[in-house]
Amino acid sequence: HFRCRSAFKLLEIDDKFRLLQPGRIVVDCGAAPGAWSQVAVRRVNSDRTDPALPLGTVVGIDLLNIPPLDGAHFLSSHDVTDPATHAKLLELLPGGRADVILSDMAPNASGVREMDHEKLIVTCLSLADLAERVLQPGGSLVCKYWDGILARKLQEKLSSVFGHVQTLKPNASRKESAERYFLARMYRK
Ligand code: SAM
Numbered sequence: 006h007f008r009c010r011s012a013f014k015l016l017e018i019d020d021k022f023r024l025l026q027p028g029r030i031v032v033d034c035g036a037a038p039g040a041w042s043q044v045a046v047r048r049v050n051s052d053r054t055d056p057a058l059p060l061g062t063v064v065g066i067d068l069l070n071i072p073p074l075d076g077a078h079f080l081s082s083h084d085v086t087d088p089a090t091h092a093k094l095l096e097l098l099p100g101g102r103a104d105v106i107l108s109d110m111a112p113n114a115s116g117v118r119e120m121d122h123e124k125l126i127v128t129c130l131s132l133a134d135l136a137e138r139v140l141q142p143g144g145s146l147v148c149k150y151w152d153g154i155l156a157r158k159l160q161e162k163l164s165s166v167f168g169h170v171q172t173l174k175p176n177a178s179r180k181e182s183a184e185r186y187f188l189a190r191m192y193r194k
């Protein structure tokens with residue numbers, strides 16, 4: 006009953022790295038239709054499924070409409086790269102801080118591989134600004150990208166502010182696709 010099969014990629018990543026623990030504060034970038042948020046809500050206990058565990062927070066952002074979900078706050082029709090969105094997001098985060106930033110953002114694919122790659126990398130580079138606004142020291146980022154010549158540039162930018170950056174290719178991601186994820190941990194400003 007996930008809204009989208011992409012949920013299995015996040016489940017796989019989180020089973021291995023345990024980023025989404027009960028009580029954590031999560032920002033889900035490119036959240037529509039909401040499958041990653043469903044995973045995050047369950048794991049951080051933001052819907053109070055287990056009253057004995059700490060209560061987490063999930064805030065999802067997308068250019069598109071995100072249908073409502075118990076335990077999540079959504080900023081539909083918002084651009085993650087727009088500083089005005091960052092200001093609204095801050096108000097929704099307890100203490101104005103997040104522990105984890107997730108990004109499964111993807112531009113509308115033109116089909117021209119190099120162009121789509123470049124567009125997504127530019128979008129991902131803006132996540133560094135978002136991190137600077139809201140990410141707690143020690144926090145983590147999971148960020149989808151399409152592999153290509155500019156991936157190194159994104160990796161370097163992440164490595165300049167995170168203690169550890171690695172590339173992931175979940176089994177749930179089609180082998181033949183250029184889709185990859187960076188997992189960046191130990192944020193430091
Ligand atoms: N993780 C989602 C899920 O599990 O339901 C699927 C995300 S889908 C692959 C990519 C989303 O990124 C699209 O809904 C698209 O509108 C969104 N997106 C792309 N660029 C964006 C931006 N600059 N700001 C906000 N959302 C963006």
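To convert, take the position in the sequence shown, counting from 1, and add 5; that gives the working numbering.
Even for Gly, the Cβ is constructed at its ideal location relative to N, Cα and C.
Met110 beta carbon less than 9 Å from that of Gly39: Position 34 of the sequence shown, counted from the start, is the residue given in the question as residue 39. Position 105 of the sequence shown, counted from the start, is the residue given in the question as residue 110. No, the Cβ-Cβ distance between Gly39 and Met110 is not below 9 Å.
Any non-hydrogen atom of the ligand SAM closer than 8 Å to Ala37 Cβ: For the purposes of this step, residue 37 is identified with residue 32 of the sequence shown, where counting begins at 1. Yes - the ligand SAM has a heavy atom lying nearer than 8 Å to the Cβ of Ala37.
Three or more C-beta pairs closer than 8 Å, one from the segment 39 to 55 and one from the segment 128 to 136: is that the case here? The segment 39 to 55 makes no contact with the segment 128 to 136; the number of CB pairs closer than 8 Å stays below 3.
Have a look at Ala103 and Glu184 and give me their C-alpha separation to the nearest angstrom. Translated into the one-based positions of the sequence shown, residue 103 becomes position 98. Translated into the one-based positions of the sequence shown, residue 184 becomes position 179. The alpha-carbon atoms of Ala103 and Glu184 are separated by roughly 25 Å.
Got a sec: does the ligand SAM put a non-hydrogen atom nearer than 8 Å to the Cβ of Ala136? Position 131 of the sequence shown, counting from 1, holds the residue named residue 136. No, since every heavy atom of the ligand SAM falls outside the 8 Å radius drawn around the Cβ of Ala136.
With respect to the beta strand (DSSP E) encompassing Pro142, which residues constitute its N-terminal and C-terminal limits? Looking up residue 142 in the sequence shown gives position 137. Counting along the chain, the beta strand (DSSP E) containing Pro142 begins and ends at 140 to 151.
What residue range is occupied by the uninterrupted alpha helix (DSSP H) comprising Ala111? Counting from 1 along the sequence shown, the entry for residue 111 is found at position 106. Segment: none, Ala111 is in no alpha helix (DSSP H) and carries neither H nor E.
Is the beta carbon of Leu200 sitting closer than 9 Å to the one on Val105? With the chain covering only 6 through 194, there is no way to say anything about residue 200.
Taking 8 Å as the cut-off, does the CB of His122 come closer than this to any heavy atom belonging to the ligand SAM? Within the sequence shown, the letter at position 117 stands for residue 122. No, since every heavy atom of the ligand SAM falls outside the 8 Å radius drawn around the Cβ of His122.
Bridge partners for Arg190 per DSSP, in chain order? Residue mapping note: residue 190 aligns to position 185 of the sequence shown, counting from 1. Paired residues: His169.
Expressed to the nearest angstrom, what Euclidean distance is found between the alpha-carbon atoms of His91 and Met191? To locate residue 91, count along the sequence shown from 1; it is residue 86. To locate residue 191, count along the sequence shown from 1; it is residue 186. Cα to Cα, the separation comes out at about 21 Å.
Is it buried or exposed for Lys158, if we count other Cβ within 10 angstroms and need 16 for buried? Residue 158 sits at position 153 when you count from the first residue of the sequence shown. Exposed: under 16 other Cβ atoms inside 10 Å.
Mapping DSSP to helix, strand and coil, what is His78? The residue given as residue 78 occupies position 73 in the sequence shown. Strand.
Taking 9 Å as the cut-off, decide whether the C-beta atoms of Pro59 and Gly100 are in contact. Within the sequence shown, the letter at position 54 stands for residue 59. Within the sequence shown, the letter at position 95 stands for residue 100. Contact flag unset, no.
Measure the Cβ-Cβ separation of Ala114 and Asn70 and say whether it is below 9 Å. For the purposes of this step, residue 114 is identified with residue 109 of the sequence shown, where counting begins at 1. For the purposes of this step, residue 70 is identified with residue 65 of the sequence shown, where counting begins at 1. No, the Cβ-Cβ distance between Ala114 and Asn70 is not below 9 Å.
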